[in-house]
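Visitor:
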Amino acid sequence: MIRPRIIPTLSLYEGMLYKTQKFKNPIYLGDPYIAVRIFNDLEVDELIVIDFSYKETNFDILEEIASEAFMPLVYGGGVRTHDDFERVIKAGFEKVSLNTMHLENPQMVKELANKYGSSTLVASLDIKKSLFGKYSIFHKHSKSDNLKKDLNDYCLYLEELGFGEILLNSVDKESQMDGCDLKVLNELPRELNIPLLFQGGVGSIDDIIEVLNKNEISGVACGAFFCLNGKFKTPLISYIDQEDFSKIVSSIQ
Amino acid sequence: MVAKRKMNEIAVVDLGISNVKSVTKAIEYVGGQATLASTKEEIKKARKIILPGVGSFDEAMSRMKKLDLVGALDEKALLQKIPIMGICLGYQLMSKGSEEGQKPGLGWVESETVSLRRYLDDDAYKCPHMGWNQVDWIKPSSNDILFKEVRLPSRFYFVHSYVPVFEDRNLVTGVTHYGKELDVCFASRNLFGTQFHPEKSHVFGLQLIKNFCDIK
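If you read the protein sequences in the order shown, they are chains G and P. Converting from the first sequence to my numbering requires adding 716 to each position, the first position being numbered 1. Converting from the second sequence to my numbering requires adding 642 to each position, the first position being numbered 1.
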C-alpha cells in the first residue's frame, strides 16, 4: 500500500528561503540549496518549493535545487506561460503548482494539462476565513471574479480544468503550528476525484495524524513544522524520524 | 580515432518529450557517464542504454519512428544484446503493445501493457498510482543484478496509469501492491525495466542505477 504523503514546503523570496506567518512577517531561513540537500539526506518523500516573490521564475535556482534532490519535486511561483512551465519541468521538477493561472488564465491550464498530463499540474489554493467563519479563496494580487466563487464549486472546476491534485493552504494558520483548521473540509466537494493536499497549522505528529485521518485528504504539506524549531521559531531543518513515521502509519485508518 | 567507450557510459534516449535531466543527473551522481542519444548514430555507438519516459505510448513510438531509432535499438537489444533499461514509459515501450495506444510497442519482451484502472477494477484505488510504494523482490535469480545491495525494505516513487503484465512469471523480478500485485520490474538477459522512477527514489533508486552502471 502507498505510503502516507508528508511533504515539506520551502518558500523562496528573491533567491533565499523565508518562512512567512499568515503570509506576513517573513523569518529568514537561509540558503535554499543547503536546505534541499538536508531534506534529500533525510530522505523526504517529496518536496514542494514555492517562490512568493511574485516575480518571474528564477530558473537558475530551480536547476541548482533539482541537482541536490533525488525525490519528486513540485515548484510554484511566477509560472505564467507555456515556456515557463516547460522550463520548470526541464529543470528537473516533476510537477508545477499553479495559483494565479487558474484564477486568471484557466484556458492555459487546460492546454498545459493536455500537453503534459494532469499528473504534472498541482492547483494551489489559498483559503482565508472571514470574521463570520466563512471560507473564501484568497489571493494577494489578483482581482479575478473567480475569487468570489463558492469553494465547493471551485474545487470541482479545478479538477475539470485538468489539475491532477489540489494543494489547499490555510492562510490563517500559516506558521502558527497550533493545529489545523479542518472545518474547511466541510465546504469541499465529496465527489472530488483528484488527491487533496492540506497545508497550514501542523505543529506536532498528532496534527499530522489528525489531517491524514480525514478521508478527503491524501497528503499533508508542512512548512514551519519542518523548518522552524520551538516557540522562538528558530530556523532548523528537520523531518519525521522512523519511529514517528511508524506511529503515523499505525494511527491512520 | 574513435575514443574508447567506457562501460559506465550510458546513452540516455532523448525523444524530446520527457525530462531526461533527472536520469542523467542520477547516472552522474553514482559515478557513471551520461550522454544523450536522439539519433540512430548515437544509439549505434552506445554500450549501454537507458530508455526513460514520460508521456503517452503512441507519442513515444511515433517519435522513435520519426527519429529512425527503432531499427538501431532493435539491433542493440536483440542482436548485440547490450544492457538496456527501460524506466516508466520506457519499460512499457518494451512490451508488445499498450491499452493506452494503437501502435505496437518495441516487442522485446512477452508482456502486454494494460490500463491500471481496468486491471484493478476497484474505485478505492485512484489512478494514476502516484507516490512511494514498497517493492518486493522476487526470488534471487541470476537476473537480480539490479537489486544488489538495494536497502530493504525498498521503496520507490511511482506515477503511472498503465502497467505491463507478464505471462512468463520468471521474467518478473519485483512486484508492488496496489489493489493487486503489479509487475513493476523485469529482467530478461540483457534487458531490464522498472515501472517506478529510480532517478527519483533516493538511495534505493540510486543504488539500482549504480548497479546498472556497474554491469560489465
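Idealized CB from N, CA, C, for every residue including glycine. Here the structure is a predicted model, which means the values were calculated and not measured.
(1) Please name the residues in the segment 770 to 787 of chain G whose beta-carbon is closer than 7 Å to at least one beta-carbon of chain P, in chain order.
(2) Please list the partners that P:Leu848 has in chain G, where partner means a Cβ-to-Cβ separation under 9 Å.
(3) If the cut is a Cβ gap below 7 Å, which residues of chain G does P:Ser664 touch?
(4) Taking C-beta pairs closer than 7 Å, name the residues in chain P that G:Ser840 reaches, listed in chain order.
(5) Starting from G:Pro748 and walking both ways along the beta strand (DSSP E), at which residues does that stretch end?
(6) For a contact defined as C-beta to C-beta under 8 Å, what are the partners of G:Ile805 on chain P?
(7) Grab me the residues of P:Arg793's own chain with a C-beta within less than 8 Å of its C-beta, minus the 5 sequence neighbours each way, in chain order.
(8) Could you pull out every residue in the same chain whose Cβ sits closer than 6 Å to the Cβ of P:Pro725, ignoring the five residues on either side in sequence?
(9) Would you tell me roughly how many angstroms separate the C-alpha atoms of G:Met732 and G:Ile781, rounded to the nearest one?
(10) In the structure shown, what three-state DSSP assignment does G:Gln958 receive?
(11) I'd like the span of the beta strand (DSSP E) that includes G:Cys938, first residue to last.
(12) Cβ of P:Tyr761 less than 7 Å from any chain G Cβ?
(13) Check this for me: beta carbons of G:Asp767 and G:Gly793, under 7 Å apart or not?
(14) Quick check on the burial criterion: 16 or more other C-beta atoms within 10 angstroms. Buried or exposed for G:Thr773?
(15) Name the chain P residues that come within less than 7 Å of G:Ser835, Cβ to Cβ?
(16) Going by C-alpha to C-alpha distance, which of G:Val965, G:Tyr955 and G:Asp960 sits closest to G:Leu726?
(17) For P:Ile857, would you say it is in contact with chain G, using Cβ-to-Cβ distances shorter than 7 Å as the test?
(18) Would you please verify whether the beta carbon of P:Lys842 is less than 7 Å from any beta carbon of chain G?
(19) Please report the straight-line C-alpha distance between P:Glu651 and P:Gly674, rounded to a whole angstrom.
(20) Beta carbons nearer than 7 Å to chain P: which residues of the segment 749 to 765 of chain G have them?
(21) I'd like the list of long-range same chain contacts for P:Phe699, defined as Cβ closer than 6 Å, with 5 residues on each side in sequence excluded.
(22) Could you pull the start and end residues of the beta strand (DSSP E) that P:Val665 belongs to?
Guide: This is what the structure holds:
(1) Ser783, Phe786 and Met787
(2) By 1-based counting over the second sequence, the position of residue 848 of chain P is 206. Within chain G, the residues near P:Leu848 are Phe786.
(3) Locating residue 664 of chain P in the second sequence gives position 22, where the first residue counts as 1. Going along chain G in sequence order, the residues near P:Ser664 (Cβ under 7 Å) are Gly808.
(4) Along the first sequence, read from residue 1 onward, the residue named residue 840 of chain G stands at position 124. The contacting residues do not exist; G:Ser840 stays about 17 Å from chain P at best.
(5) Counted from its first residue, the first sequence places residue 748 of chain G at position 32. Per DSSP, G:Pro748 belongs to no beta strand (DSSP E); it is in the alpha helix (DSSP H), Pro748 to Asp757.
(6) By 1-based counting over the first sequence, the position of residue 805 of chain G is 89. Neighbours of G:Ile805 on chain P, chain order: Asn661.
(7) Indexing the second sequence from 1 puts residue 793 of chain P at position 151. Within the same chain, P:Arg793 has close Cβ partners Val845, Phe846 and Gln849.
(8) As a working note, residue 725 of chain P is residue 83 in the second sequence. Lys690, Asn832 and Ile857.
(9) One-based indexing of the first sequence puts residue 732 of chain G at position 16. One-based indexing of the first sequence puts residue 781 of chain G at position 65. In a straight line, the C-alpha of G:Met732 is about 12 Å away from that of G:Ile781.
(10) As a working mapping, residue 958 of chain G is identified with position 242 in the first sequence. If DSSP states are grouped into helix, strand and coil, G:Gln958 belongs with the helices.
(11) Working through the first sequence from its first residue, we reach residue 938 of chain G at position 222. Start and end: Gly935 to Cys938.
(12) Residue mapping note: residue 761 of chain P aligns to position 119 of the second sequence, counting from 1. Output row for P:Tyr761: interface = no.
(13) The sequence position of residue 767 of chain G within the first sequence is 51, counting from 1. The sequence position of residue 793 of chain G within the first sequence is 77, counting from 1. Yes, they are a contact pair.
(14) Here residue 773 of chain G refers to the residue found at position 57 when the first sequence is read from its first residue. Classification for G:Thr773: buried.
(15) As a working mapping, residue 835 of chain G is identified with position 119 in the first sequence. Under the 7 Å cutoff, chain P gives Pro770, Met772 and Val801.
(16) Translated into positions along the first sequence, residue 726 of chain G becomes position 10. Checking every option, the nearest Cα to that of G:Leu726 belongs to G:Tyr955.
(17) The count along the second sequence starts at 1 and reaches residue 857 of chain P at position 215. No, no contact with chain G.
(18) As a position in the second sequence, residue 842 of chain P is number 200, starting the count at 1. True, the Cβ-Cβ gap to chain G drops below 7 Å.
(19) For the purposes of this step, residue 651 of chain P is taken as residue 9 along the second sequence, with counting starting at 1. For the purposes of this step, residue 674 of chain P is taken as residue 32 along the second sequence, with counting starting at 1. One C-alpha to the other measures close to 6 Å.
(20) Glu759 and Asp761
(21) Locating residue 699 of chain P in the second sequence gives position 57, where the first residue counts as 1. Excluding residues within five positions, the ones whose Cβ falls inside 6 Å are Ser740, Glu742 and Gly743.
(22) Stepping through the second sequence from its first residue, residue 665 of chain P is reached at position 23. Careful: P:Val665 lies outside any beta strand (DSSP E), inside the alpha helix (DSSP H) at Lys663 to Tyr671.
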